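Per the working numbering, the very first residue in the sequence shown carries number 1402; after that it's consecutive.
The C-beta atom is built at its ideal place from N, Cα and C for all residues, glycine as well.
Here the structure is a predicted model, which is why all the values come from computation and not from measurement.
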Amino acid sequence: MSGKLVARLAGVLAALSASAVLLLPIEEQGSVAPLIARAAPSSQSFGEFWVATHSPSQAWSAPSADATAFGPISVGSPLKVLAPGENGRLFVMNPATNSVAWVDAAAVGPIPTPTDAQLAEMLDPPTPAAYEAWWAMTHRDTTAWSGPMGDALPWGEILQWRFLRVVQPAEGERVLAVDPRSESYVWVDLDAIGAVGPPPGDYFGAPPADDATIGLPGRIVGTVDSFERPARVEYFSLNRHTNNESVSVEGLIDRGDNERWYRLSSNEYVPTSNVRLPQPPDRTWAGRWIDASLTEPVMVTAYEGTRPLYSALAVKGATAFQTPTGIYQINRRVQNERNSPNGYLLKDVLYTQYFTNDGAALHYNYWRSDWGSSGSKGCLGMNLVDSKFFWDFATVGTVVYIHQ
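Here is the structure:
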């Protein structure tokens, strides 16, 4: 990185204030093609304000998807917003070219209105002394800041075990660093990072294509971490998921040798062994019906014809009080039930839907949380959210198909 590029950020932060959003330096200001941007609709109540680009961006001729790209806008460029946003873009004036264009709102952040002197420095920052950049990694989750001072704005979260390239000397307790994958610049706390070698090649690789399309509602089994890629390495780690958490499974990555992963709709990857999906039933019914698979982890699924709409883990009957198998229909519903399964009164058993005459039902089970296992008196107990869903989904006469 050239000294002049780093200077754009450092100069802007010094010229404005630490409350300004992060202003980030890269290549020289790209030239804008002599095209005319589509003007935004006028709004008398709109107050113009200033932003600066914090990520690589393009100038566009319009807010629509088929707009023409005028050319790149340098990171750290000040822009004046002239009208309300439209389709995720802002109509701006670029003082570097004295022209108007549309810019992606996600690539900019607000800054205080600059004076003429500040604007001149932002457009032509001084060249600082050379600095040897170095690689760092976050050893805990930390905040991305807009500047080095204590009153800087939080710009988002940086997860643990992420690579950063430190590009200029520390100011106070923070350093300026670039995310090598997004090319975004952030200030990070020195005590949240440590020096490391450069990231491995797979850190920059794109996610693999799915080996199969799934498209099913599922539930997490046990506790499991998710990853940005189908690999158990720290620098791809994302979130921790817990038992019975609802997920939507979009695709399968099958590498064999116990390396099978599901891709969730959130583009997180989890091992297939930690996800329960509804299995294709051996029979279906027209309209709405309920499938209950007693194979552990026990799963109850709402169907519309052949299409699964919603799945949840449930508690089935214990060995001495097994949940009956077969084809049933809901014959009675009590929104707030009371019963005495062991000689003591249980109140507020919500969303109870009986499917046998001897008391087997779907219902809210607030006295258990080991979803997917056995332990009830024969009912299918669920948490509050899931039991409420099935209450709203079903009615008297809805088929309940229970099988192993």
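Alpha carbon to alpha carbon, how far is V1587 from P1426? Give it in angstroms, no decimals. The predicted position of P1426 is uncertain, since its pLDDT is 37 and thus under 50; a value taken from the coordinates is nonetheless stated next. Those two C-alpha atoms are separated by around 11 Å.
Just checking, does the stretch 1617–1631 make contact with the stretch 1699–1716 on the three C-beta pairs under 8 Å criterion? yes
What residue range does the alpha helix (DSSP H) around D1793 cover? Where D1793 is concerned, the enclosing alpha helix (DSSP H) stretches over 1785–1794.
By Cβ distance below 8 Å, which residues in the same chain neighbour T1539 in space, the five residues on each side in sequence not counted? I1559, L1560, Q1561, W1562, R1563, L1565, V1589, A1593, I1594
Give the DSSP-derived three-state secondary structure of E1705 in the structure shown. strand
May I have the straight-line CA-CA distance separating N1488 from S1465, to the nearest angstrom? So the two alpha carbons sit approximately 7 Å from each other.
Based on Cα-Cα distance, which residue from S1674, A1463, I1691 lies nearest to P1682? I1691
Whole angstroms are fine: how far does the CA of A1596 sit from the CA of S1462? 43 Å
Three-state secondary structure (DSSP) at S1774? coil
Excluding sequence positions up to five away, which residues of its chain have a Cβ less than 8 Å from the Cβ of E1669? S1627, F1628, E1629, L1639, N1640
At least 3 beta-carbon pairs within less than 8 Å: the stretch 1647–1664 vs the stretch 1683–1703: They do not touch, by the three-pair rule.
Beta strand (DSSP E) segment containing A1693, residue limits: 1689–1694
So which of F1450, Y1636, Q1445, D1505 has the shortest CA-CA distance to P1473? Comparing Cα positions, the closest option is D1505.
Helix or strand or just coil, what does DSSP make of Y1729? Y1729 carries a strand assignment under DSSP once its states are collapsed to helix, strand and coil.
Please return the same chain residues whose Cβ sits closer than 8 Å to the Cβ of V1800, not counting the five positions on each side in sequence. Close CB contacts of V1800 within its chain, under the 8 Å cut and outside five residues either way in sequence, are with W1686, W1690, I1691, I1728, Y1729, Q1730 (chain order).
List in chain order: all unbroken alpha helix (DSSP H) runs of 4+ residues lying wholly within the stretch 1465–1530. 1517–1524
Just checking, does the stretch 1694–1711 make contact with the stretch 1749–1762 on the three C-beta pairs under 8 Å criterion? No, because fewer than three Cβ pairs between the stretch 1694–1711 and the stretch 1749–1762 fall closer than 8 Å, the two stretches do not touch.
Please return the same chain residues whose Cβ sits closer than 7 Å to the Cβ of R1439, not counting the five positions on each side in sequence. Here the set comprises S1462, A1463.
4-residue-minimum alpha helix (DSSP H) runs that sit fully inside the stretch 1610–1672, ordered along the chain: none
Cα-Cα, which of D1542, N1766, K1481 is closest to S1500? K1481
Can you pull the DSSP bridge partners for K1717? Per DSSP, S1775.
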